[in-house]
Structures are given as C-alpha cells and as structure tokens.
Amino acid sequence: MQKNERIFENTEIAFSLKNDSELERAYFLFKMISVQPLVRIGTAATNFALKANLPIEGLIRATVFDHFCGGINEDDCLPVIEKMFSKGVSSVLDYSVEGKENENEFDNTVEKVLKIIDFAKNIDAIPIAVFKPTGLGKLSLYTKVGMNKSLDDTEQEAWNKVVYRYNIICNKAKENDVAVLIDAEESWMQDAADTLATEMMKTYNTEKPIVFNTLQMYRHDRLKFLKAEHKKAIKGGYYLGYKLVRGAYLEKENDRAKEQSYKSPICENKAATDANFNNGLKYIVDNLDNIFVFAGTHNEESSYLLMHLMKEKGLKNNDSRVWFGQLYGMSDHISFNLANLGYNVAKYIPFGPVKDVMPYLIRRAEENTSVAGQTGRELNLLNNEKKRRRSQYSM
Ligand SMILES: Cc1cc2nc3c(=O)[nH]c(=O)nc-3n(C[C@H](O)[C@H](O)[C@H](O)COP(=O)(O)OP(=O)(O)OC[C@H]3O[C@@H](n4cnc5c(N)ncnc54)[C@H](O)[C@@H]3O)c2cc1C
4 MQKNERIFEN
14 TEIAFSLKND
24 SELERAYFLF
34 KMISVQPLVR
44 IGTAATNFAL
54 KANLPIEGLI
64 RATVFDHFCG
74 GINEDDCLPV
84 IEKMFSKGVS
94 SVLDYSVEGK
104 ENENEFDNTV
114 EKVLKIIDFA
124 KNIDAIPIAV
134 FKPTGLGKLS
144 LYTKVGMNKS
154 LDDTEQEAWN
164 KVVYRYNIIC
174 NKAKENDVAV
184 LIDAEESWMQ
194 DAADTLATEM
204 MKTYNTEKPI
214 VFNTLQMYRH
224 DRLKFLKAEH
234 KKAIKGGYYL
244 GYKLVRGAYL
254 EKENDRAKEQ
264 SYKSPICENK
274 AATDANFNNG
284 LKYIVDNLDN
294 IFVFAGTHNE
304 ESSYLLMHLM
314 KEKGLKNNDS
324 RVWFGQLYGM
334 SDHISFNLAN
344 LGYNVAKYIP
354 FGPVKDVMPY
364 LIRRAEENTS
374 VAGQTGRELN
384 LLNNEKKRRR
394 SQYSM
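Residue numbering for the sequence shown follows the numbering used here, beginning at 4 and increasing consecutively.
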C-alpha cells in the first residue's frame with residue numbers, strides 16, 4: 004500500500020468523537036499503563052482490594068473501566084453506541100463477566116445474550132451479538148469433553164445444558180437475523196467448543212452465516228483447521244462464519260505447554276502468527292461464497308491487507324460478507340477511518356459489574372504495556388491529535 008493510502012494516520016477522523024478533555028484522559032491513561040511495573044503492581048493491588056471489599060470501584064470506573072467498557076449494564080452503553088454509529092461504527096455488546104462456575108450464572112449469561120439479540124433486532128447500530136464458551140459452561144467440562152473422556156451423570160447433565168444453551172442463543176439469532184460470534188479461549192478447552200460451534204453452523208447457517216466461530220491464528224494448526232472445516236461445510240451444504248483473531252492467551256498457552264511437556268500450539272514467533280493470520284484472511288477472501296469473515300484485529304498491516312484483498316476482488320467497501328472489528332477504547336484510528344470509507348466496522352463494547360470484568364480489563368492493561376507495543380502507537384496518535392488541535396486553535 005502506498006504511503007498516501009495509509010488512511011489510519013488521519014487522527015482528526017480517528018478521534019472525532021473525543022472532546023479535548025476526553026483526549027487528555029485517554030493520553031493520561033495510556034501513559035499510566037505504558038509503565039509495566041505499574042500495571043503489575045496495579046493488577047495485584049486491585050485484585051487484593053476487590054477481594055477485601057475495599058472501596059476502589061469508583062477509582063477503577065473513573066480510569067480503566069470507563070475507557071475500555073461501556074458501562075455496568077446494556078442501557079449504560081446506549082449513548083456510546085449511538086455516538087459511534089453516528090460515525091458509521093457499529094457495536095457488539097459484550098457481556099464480559101468471566102470466571103463464573105455455576106449453573107445459575109451460566110443461565111444468567113444466556114438471558115443477557117438473548118436480551119442483547121432482542122436489542123439488536125431493533126437497533127441498526129448493533130448488528131451482531133457475542134458470547135464466550137465459558138460463559139455457558141465450565142472450562143473443565145469443555146476440556147474433558149474435548150479429550151473424549153467419559154462423563155459421569157452429573158457432568159453429562161451439565162454438558163447437555165451447555166448444548167441446550169448454545170442452541171437457544173443460535174436459534175434466537177437466526178430467528179431475528181442477528182449474527183452471533185462465539186469467542187475462542189484456551190486451546191485445551193477449544194476442541195469441544197469448536198465441535199459445538201460447527202454443529203451450530205450446520206444447523207443455523209443453512210441460508211447464510213449467522214453463527215461465527217473464532218480462529219486464533221497464533222495457533223499453528225488453525226489454517227489447516229479452516230481448510231478442513233471448509234471442505235466439510237461444502238459437503239454438508241452449510242455456510243461458515245469466522246472471526247479471525249491472533250489470540251489473547253499467549254503466555255498462558257506457552258507456560259502450560261512447558262509445564263506439562265507438550266509442544267506449544269502457538270506459532271514459533273510473532274512473524275509466523277502474522278503470516279498465519281494474513282493467510283487466513285487471504286483464504287477466506289478467496290472463498291467468500293461460502294465463508295464470511297469478521298477480522299478482529301488492531302494490526303494496521305492486516306487491516307490494510309484486507310482492504311487491499313477486497314479491492315483486488317472488486318468488492319465494494321461495504322460488502323456484507325466482510326467485517327472489521329476492534330475493541331472499545333483501542334485503535335480508534337483503524338475503526339473510524341475504515342468506517343469513514345464505508346467499510347463494515349464494529350467495536351466490542353464490554354459491559355458488566357466492575358468486579359466481574361476485571362479479568363478482561365487486566366488483559367487489556369497487559370496487552371497495552373510498552374513491551375507488547377500497542378501503547379506507543381496509541382500515545383503517538385493521541386499526541387498527534389493534541390498537536391493538530393493546538394495548531395488549529397492558534398490559527
Ligand atoms: C474484535 C476483537 C475480538 C477478539 N476476540 C478474541 C477471542 O475471541 N479470543 C481471543 O483469544 N482473542 C480475541 N481477541 C484478542 C486478539 O486475539 C489479540 O490478542 C489482540 O487483538 C492483539 O492482536 P492484533 O491482531 O490486534 O495485533 P498485534 O498487536 O499485531 O498482535 C499481537 C498478537 O500477536 C501474537 N503474538 C505476539 N507475540 C507473539 C510471539 N512471540 N509468538 C507468536 N505470536 C505472538 C499474540 O496473539 C498477540 O496477542 C479479539 C480482538 C478483537 C479486536
């Protein structure tokens with residue numbers, strides 16, 4: 004791509020929804036989380052304080068929570084959703100409560116997702132719903148099912164409920180013509196989740212992709228998996244939907260593989276992950292007749308590549324088979340500049356009680372430390388926009 008086509012550098016469009024004080028707040032926040040030791044100490048202190056019921060929720064809300072989350076419930080998120088949609092950016096409401104382990108909580112998550120689908124069917128700004136496999140069942144149960152271990156009666160009953168929950172959500176999504184993304188998690192629970200997602204696609208993607216599974220392309224086996232699933236889908240006469248991401252559990256995956264002496268499922272380095280991700284995009288764009296894609300990435304080069312692949316195929320920017328996705332609070336320069344050119348873009352808007360979205364917030368803080376490299380870019384962009392505005396005011 005030529006330099007003059009590097010649209011993501013336009014900070015005026017990127018931050019058009021932020022007033023000066025919001026811009027300053029974002030700058031301050033990214034400056035804070037760029038200091039790795041601060042994130043480490045902050046994470047430990049926050050976890051401790053929340054467990055000890057110390058009154059720190061207000062502080063979390065005023066800082067990381069408000070930056071990365073839409074609110075504590077769906078209604079809180081509506082103003083943000085409307086504002087973003089005024090610039091062409093859609094929303095995926097993400098009930099981000101994690102680490103729950105009981106059946107009532109799983110049923111509660113189903114209720115939340117069904118409510119979001121109801122919301123979505125009436126609001127153009129929310130075209131897609133999402134859930135996490137472990138929001139509907141225990142991680143240990145997915146792991147056991149994925150290993151083909153026999154289940155006792157209680158476990159079997161719990162697994163039947165998981166399957167039932169998937170069906171309720173996907174059926175409602177189909178009835179209301181709202182796409183539903185299924186997130187991907189740790190590789191050791193993913194086999195069972197993948198099998199279930201394929202079952203859902205077989206059942207509900209008969210006319211078009213409604214159910215989207217997620218491929219974590221930091222796994223070296225995922226391109227092969229995609230091709231095998233594609234073959235099965237052609238034979239079975241159903242459509243595939245895939246969210247492509249790089250993957251968020253890198254350290255956990257590598258640590259476990261080392262501890263338990265098996266070969267890590269993760270690509271040998273970042274370049275290999277990048278190549279795998281980009282090859283996944285190419286494969287899907289070559290096969291859009293059967294597979295729709297939601298590219299969940301903050302990587303500029305992969306986003307430019309997808310734009311380029313679409314152009315090469317003569318596709319319109321808003322071709323309904325291709326979506327770009329980013330997380331709320333991150334990479335607005337990609338989201339808003341793409342939307343400005345008419346591409347389909349949606350941002351995940353996480354919501355939930357402060358305490359319960361902490362694992363999500365910690366992942367965001369960790370991936371935004373200087374070592375991971377995102378923060379430098381966010382800080383630069385925010386700084387450029389501050390400078391641009393200053394020079395405009397002084398004219
Ligand atoms: C809309 C959206 C939805 C998402 N949904 C999910 C989901 O369901 N499941 C999930 O796991 N993640 C999900 N993520 C997070 C995603 O997997 C990444 O962690 C995050 O987006 C950073 O990757 P990137 O593509 O933006 O780009 P980059 O910042 O360019 O890439 C960083 C990523 O590269 C990989 N990487 C880094 N170092 C190495 C290394 N040494 N060796 C191999 N690989 C390396 C890691 O995956 C790391 O996260 C989602 C992200 C978005 C934007």
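All C-beta atoms in this analysis are idealised placements derived from N, C-alpha and C, irrespective of residue type, glycine included.
- Of the heavy atoms belonging to ligand 1, none sits nearer than 8 Å to the Cβ of Thr378.
- When DSSP assignments are scanned along the region 64-105, the uninterrupted stretches of alpha helix (DSSP H) that are 4 or more residues long and fall wholly within it turn out to be 77-88.
- Secondary structure within the region 243-312: the beta strand (DSSP E) runs of 3 or more consecutive residues, fully enclosed, are 243-248 and 294-299 (chain order).
- For Lys350, the distance from the CB to the nearest heavy atom of ligand 1 is below 8 Å.
- In this chain, Gly328 is not harboured by any alpha helix (DSSP H); it is covered by the beta strand (DSSP E) spanning Val325 to Leu330.
- In this structure the region 342-355 lies against the region 320-332, because at least three pairs of beta carbons, one per stretch, are closer than 8 Å.
- Rounded to whole angstroms, Thr46 and Ser99 show a C-alpha spacing of 18 Å.
- Pro356 sits in coil when the DSSP states are folded into three classes, being neither helix nor strand.
- At the C-beta level, Asp180 and Lys124 come within 9 Å of one another.
- The count of Cβ pairs closer than 8 Å, one atom from the region 208-222 and one from the region 241-258, reaches three, so the stretches are in contact.
- Just measuring C-alpha positions, the residue of Lys261, Gln219, Glu8 and Asp335 sitting nearest Ala278 is Gln219.
- For Ala349, the three-state secondary structure derived from DSSP is strand.
- Excluding sequence positions up to five before and after Met150, its CB lies within less than 8 Å of the CB of Asp194, all in the same chain and listed in chain order.
- The three-state reading of DSSP puts Arg367 in helix, counting H, G and I together.
- Leu253 and Lys86 have their alpha carbons spaced roughly 34 Å apart.
- Residues of the same chain with a CB within less than 7 Å of the CB of Arg64, apart from the 5 flanking positions on each side, are Val357 in chain order.
- For the 9 Å CB-CB criterion, Gly345 and Gly91 form a contact.
- With contacts defined as CB atoms closer than 9 Å, Val116 and Ala128 fail to qualify as a contacting pair.
- Leu226 and Leu142 have their alpha carbons spaced roughly 24 Å apart.
- Between the region 22-40 and the region 380-389, the count of C-beta pairs closer than 8 Å reaches three or more; the two stretches touch.
- Sequence-distant Cβ neighbours of Leu364 in its own chain, meaning closer than 7 Å and more than five residues away, are Val67, Phe68 and Phe71.
- Residue environment analysis places Phe51 among the exposed positions, since fewer than 16 neighbouring C-beta atoms fall within 10 angstroms of its C-beta.
- The beta carbon of Lys246 sits closer than 8 Å to at least one heavy atom of ligand 1.
- When the five nearest sequence neighbours on each side are left out, the beta carbons in the same chain lying within less than 6 Å of the beta carbon of His223 are those of Cys270, in order along the chain.
- With respect to the C-alpha of Ser94, the residue from Leu62, Pro130, Gly283 and Glu303 having the closest C-alpha is Pro130.
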